[in-house]
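One structure is given here, and the rest of the page talks about it.
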Amino acid sequence: MRVGGIAPGISFTLEQLTEAVEKRGWKPLVMNCKNIHASVYLRSMHSILASGYPALIIFRTASGDEHVVTAFGYTHNPDEWRSEGVNAYLRSAPIVPYYPSTQWVDHFLVHDDNVGPYYTIDTSTLMDLKVSTVIGLTPPDVRSYPAMVEMAAAEALKSILGQVPDSVWGRRLQRYPLILRTTLRSREEYRSHLKNLVGYDTSRLTPDELTWVDTLPEKFWMTEFTFSPLFTGNRSKLGEVITSVEEFDSVPDQVLSLRLPGAVYLTRGSGMPLDIRVLQLASHAPMLLAAAQS
Numbered sequence: 638m639r640v641g642g643i644a645p646g647i648s649f650t651l652e653q654l655t656e657a658v659e660k661r662g663w664k665p666l667v668m669n670c671k672n673i674h675a676s677v678y679l680r681s682m683h684s685i686l687a688s689g690y691p692a693l694i695i696f697r698t699a700s701g702d703e704h705v706v707t708a709f710g711y712t713h714n715p716d717e718w719r720s721e722g723v724n725a726y727l728r729s730a731p732i733v734p735y736y737p738s739t740q741w742v743d744h745f746l747v748h749d750d751n752v753g754p755y756y757t758i759d760t761s762t763l764m765d766l767k768v769s770t771v772i773g774l775t776p777p778d779v780r781s782y783p784a785m786v787e788m789a790a791a792e793a794l795k796s797i798l799g800q801v802p803d804s805v806w807g808r809r810l811q812r813y814p815l816i817l818r819t820t821l822r823s824r825e826e827y828r829s830h831l832k833n834l835v836g837y838d839t840s841r842l843t844p845d846e847l848t849w850v851d852t853l854p855e856k857f858w859m860t861e862f863t864f865s866p867l868f869t870g871n872r873s874k875l876g877e878v879i880t881s882v883e884e885f886d887s888v889p890d891q892v893l894s895l896r897l898p899g900a901v902y903l904t905r906g907s908g909m910p911l912d913i914r915v916l917q918l919a920s921h922a923p924m925l926l927a928a929a930q931s
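According to the numbering used here, the residues represented by the sequence shown are 638 to 931, in order.
The structure is reproduced here in structure tokens:
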């Protein structure tokens with residue numbers, strides 16, 4: 638593969654590009670987009686951008702060369718009909734058994750070394766481009782892909798919800814389609830977020846209830862879950878699924894913890910019973926929207 642531009646310039650291979658990324662201290666999460674649905678790589682790219690890290694989009698031009706643009710952000714539209722309307726009216730079954738928060742992203746922000754900086758690409762145009770590769774620029778210890786992690790989180794949620802004690806939010810979680818939002822976070826960032834989190838009913842976590850955060854690794858994927866009225870109305874959530882940045886063969890090994898209103902479920906490995914701890918925070922609360930990296 639030769640990556641070049643519209644204007645005359647230096648061309649390079651994908652291998653040379655990823656090598657350059659690694660020399661800069663990043664881990665290149667390379668997604669081959671040729672044989673996967675656009676929604677899959679868009680979910681991963683959105684998660685990387687929402688975490689405060691950039692991504693490279695490589696697509697084929699009319700000349701047959703491939704061109705790279707840098708994505709560094711996105712815009713969120715809570716009034717987007719497509720987000721729920723397509724699944725409600727036009728599909729017999731959703732592609733995934735939840736709504737990815739990516740469905741409310743209407744534009745990605747990009748730099749193009751030929752056209753100029755600070756442009757936007759709407760998601761429909763991006764899906765029409767012949768995107769061959771997306772490369773997420775993440776910290777060196779990241780090995781798992783956000784879209785796959787999000788599906789593992791959805792599977793873990795499905796298995797846990799049947800065990801949740803009867804409550805208003807427990808019943809709603811089982812009744813309404815979930816919206817999932819996955820970002821890369823640090824342990825200290827998550828601890829600070831939980832420490833300052835205040836529920837809609839003014840409930841919050843006590844210092845003693847936060848000790849379980851110490852069992853988490855330095856970095857992990859955090860999948861926040863909610864449903865449409867909370868997400869589009871005030872960007873609040875009901876909890877998080879924490880998953881490893883490492884690659885695992887099974888969901889139980891990938892998932893580290895799952896916080897629901899009123900309780901946190903800690904995994905202890907395949908075949909081991911869950912460690913369940915009661916929490917004071919028993920309502921929906923604001924999502925963690927600030928990027929992990931400024």
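Glycine residues also receive a C-beta, built at the ideal position from the N, C-alpha and C atoms. Since this is a predicted model, take the numbers as computed values, not measurements.
Reference residue i, options the options, closest by Cα
| i | options | result |
| --- | --- | --- |
| T650 | L853, L875 and H704 | H704 |
| M785 | Y678, E877, I816 and S804 | Y678 |
| Q800 | P777, P898, F745 and L666 | P898 |
| P715 | V901, L903, T904 and T869 | T869 |
| R824 | E792, W858 and L834 | W858 |
| T880 | A790, L911 and F864 | A790 |
| A919 | V706, S761, G876 and P734 | G876 |
| S700 | I913, P889, K767 and G836 | K767 |
| K832 | V805, I673, V850 and D778 | V850 |
| T852 | Y827, G836, T860 and T839 | Y827 |
| S648 | G836, L693, M682 and D702 | D702 |
| V835 | E659, P923 and I695 | P923 |
| N751 | T839, T819, T698 and S796 | T698 |
| P854 | D838, L821, R872 and D845 | L821 |
| T624 | M788, P665, I758 and V915 | With the chain represented from 638 up to 931, any question about residue 624 goes unanswered, as that position is not in the structure. |
| L693 | D890, L654 and V878 | L654 |
| N871 | Y837, I695 and L903 | Y837 |
| E717 | F696, T760 and M788 | T760 |
Residues that DSSP places opposite residue i in a beta bridge
| i | result |
| --- | --- |
| P923 | S873 |
| A900 | L897 and V915 |
| I772 | V667 and L693 |
| W858 | L821 and T880 |
| T650 | Note: T650 sits in no beta bridge, so no partner. |
| H748 | T707 |
| T739 | For T739, which the question treats as bridged, DSSP gives no partner whatsoever. |
| I758 | F745 |
| G753 | D749 |
| T863 | I816 |
Supposed close pair residue i, residue j - CB separation, criterion 8 Å
| i | j | result |
| --- | --- | --- |
| Y690 | G773 | 7 Å |
| L842 | Q917 | 6 Å |
| E883 | R780 | 5 Å |
| L794 | L867 | Contact doesn't hold; Cβ gap of about 15 Å is too wide. |
| S676 | P783 | Not really, about 13 Å apart at Cβ, beyond 8 Å. |
| H830 | K874 | Rounded, the Cβ-Cβ distance is 11 Å, inconsistent with contact. |
| V742 | H713 | 6 Å |
| T770 | N669 | 6 Å |
| V888 | E792 | 5 Å |
Beta-carbon spacing of residue i, residue j below 8 Å
| i | j | result |
| --- | --- | --- |
| L925 | F862 | no |
| Y736 | L815 | yes |
| F745 | A687 | no |
| R809 | F864 | yes |
| D803 | K856 | no |
| R680 | T757 | no |
Contact test: residue i Cβ vs the ligand MN heavy atom, cutoff 7 Å
| i | result |
| --- | --- |
| L686 | The ligand MN is not part of this structure, which contains no ligands at all. |
Check your understanding: Can you give, in chain order, each stretch of the alpha helix (DSSP H) that sits fully within the region 805 to 849 and has at least 4 residues?
Key -> 805 to 812 and 824 to 833
Point to revise | Those runs of the alpha helix (DSSP H) which lie wholly inside the region 695 to 719 and span at least 4 residues | key: Counting whole runs of 4 or more residues, the region 695 to 719 contains no alpha helix (DSSP H) stretch at all.
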